[in-house]
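Peer 1: Below you'll find the structure I mean.
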Amino acid sequence: MHTRIPLMLGTCLAAATFAVGCGGSASDTSSDVTLKFAATAGDHAVECGHMLMGMGTTNASAQLMDMRLYISDVKLIPADGGAPVSLALGADDTYNSTTPDGAVTMLDFENGTGMCKEDGDAGTNTTIAGTVPAGEYDGVEFTVGVPEAMNHSDPTKAAAPLNLTATSWDWQAGRKFTKIELAGPMDGAGKWTEKAFMFHLGSTGCTGNPAAGETTTCAHPNRANVVLNGFDPDTNTIAIDLAKLVQNADITRNGGGAPGCMSAPDDPECEPTLAAMAIDWKADGTGSGQVVGDGTKQVVFSVK
């Protein structure tokens, strides 16, 4: 499945190709692209205020409390096998930030209703829009996380979307690359021994004080790389499957450390969830926090 970003006016749709921005002129060298994302739990849509069924190893019922993710370094993969091409983000003062240090978008699936009302608001964002050079593409790749050079800054002084305290840790440690939070059903069913299961992905083991002009480095970067082949932005959506994220975790109880996984190198709930994201984690705390494989090993993101 190829996406053709046309370079000049002519036949825009050929066999096994899909046209994006068809109808340009010979001077056109780039085209608009919009990547669509959806929050799912298996085949079901994830929404605030709606029950999720069959979650984790105990097939628990749960509700969404929060779901926000930082996505960076978005690239389209050329059909001819060439090097991936960067997507230049469009202007968006709320969900995009582009600086000399990098570019990042926040995906926001909570709408401030139901159990999402504690930290959430009505605003949502489920797309990443920008431009790419003309050409034919058949895949997409991106990083789940904030670029290192943008990550360690004071959120009270940062531009959106890095200005949210709800997605920030201690500002030396930077941002929560994902803030995905699930709660037990409101009627108390499901035998939850913990009130919530958190998945906060972010860098850990960080040293250096940026306020003093020091460079911050982190022993465990914990950025996930996602590579999806056979992707056409006109016809496909990128699903983020929470059921896949927790498929090997018991979300109803806490085996140690923080409830759920907050990226600690010795938290047992991080073993199954970071494995789903294809990030190296080991029970003895010696995991590197680096990507496992080539970006195709993760199971949370898929093409629909």
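Number 101 in the numbering used here belongs to position 112 of the sequence shown; there are no gaps in the numbering. We put the beta carbon where it would ideally sit given N, CA and C, even for glycine.
Count the other CB atoms within 10 Å of the CB of Q52; is the residue buried (16 or more) or exposed (fewer)?
Peer 2: Burial call: buried.
Peer 1: What is the rounded straight-line gap between the Cα of A68 and the Cα of A92?
Peer 2: The straight-line gap from Cα to Cα measures roughly 24 Å.
Peer 1: Under 6 Å Cβ to Cβ from I169, same chain only, skipping five residues before and after it: list those, please.
Peer 2: Cβ neighbours of I169 beyond the five flanking positions: M56 and F188.
Peer 1: Enumerate, from N- to C-terminal direction, the unbroken beta strand (DSSP E) stretches of 3 or more residues contained entirely within the region 67 to 107.
Peer 2: The region 67 to 107 contains these whole beta strand (DSSP E) runs: 85 to 88 and 91 to 97.
Peer 1: Looking only at DSSP bridge pairs, what is F26 linked to?
Peer 2: F26 pairs with I227.
Peer 1: Would the region 152 to 167 and the region 192 to 202 be scored as touching if the rule is three or more Cβ pairs under 8 Å?
Peer 2: Contact holds: three or more Cβ-Cβ distances are below 8 Å.
Peer 1: If you follow the beta strand (DSSP E) that T262 is in, where does it begin and where does it stop?
Peer 2: Element bounds for T262: not the beta strand (DSSP E) but the alpha helix (DSSP H), C259 to A265.
Peer 1: Rounded to the nearest angstrom, what separates A77 and I117 at their Cα positions?
Peer 2: Whole-angstrom Cα-Cα distance: 10 Å.
Peer 1: Unbroken beta strand (DSSP E) runs of length 3 or more, entirely within the region 186 to 212: which are they?
Peer 2: Complete beta strand (DSSP E) runs here, min 3: 193 to 196 and 206 to 209.
Peer 1: Give the single residue among K286, G284, V288 and C259 whose Cα lies nearest to the Cα of C276.
Peer 2: The sequence given here places Gly at residue 276; Cys does not occur at that position. Per the Cα distances, C259.
Peer 1: Determine the extent of the alpha helix (DSSP H) in which M139 is found, giving its start and end residues.
Peer 2: Counting along the chain, the alpha helix (DSSP H) containing M139 begins and ends at E137 to N140.
Peer 1: What residues in its chain sit with their C-beta under 7 Å from that of S16, if we drop five residues either side in the sequence?
Peer 2: Because S16 sits at a pLDDT of 40, beneath the cut-off of 50, its placement in the model cannot be relied upon, and the following sentence gives the value as read from the coordinates. Counting only Cβ-Cβ distances below 7 Å, and skipping sequence neighbours, we find nothing.
Peer 1: For the pair the region 27 to 43 and the region 98 to 112, tell me if three or more CB-CB distances fall below 8 Å.
Peer 2: As far as the Cβ criterion goes, the region 27 to 43 touches the region 98 to 112, which means the pair count is three or higher.
Peer 1: DSSP three-state call for C11: helix, strand or coil?
Peer 2: The predicted position of C11 is uncertain, since its pLDDT is 44 and thus under 50; a value taken from the coordinates is nonetheless stated next. Reduced to three states, the DSSP call for C11 is coil.
Peer 1: Given a cut-off of 9 Å, decide if T132 and V215 are closer than it, judged by their beta-carbon atoms.
Peer 2: For V215 and T132, yes; Cβs fall inside 9 Å.
Peer 1: Grouping DSSP H, G and I as helix and E and B as strand, with all else coil, what is T275?
Peer 2: T275: coil per DSSP, three-state reduction.
Peer 1: In this structure, does DSSP put K286 in helix, strand or coil?
Peer 2: Three-state DSSP puts K286 in coil, outside helix and strand.
Peer 1: Would P89 be called buried (16 or more neighbouring beta carbons within 10 Å of its own) or exposed?
Peer 2: Answer is exposed; the Cβ neighbour count stays below 16.
Peer 1: The beta strand (DSSP E) with A162 in it runs from where to where?
Peer 2: That residue, A162, is in no beta strand (DSSP E); it is neither H nor E in DSSP.
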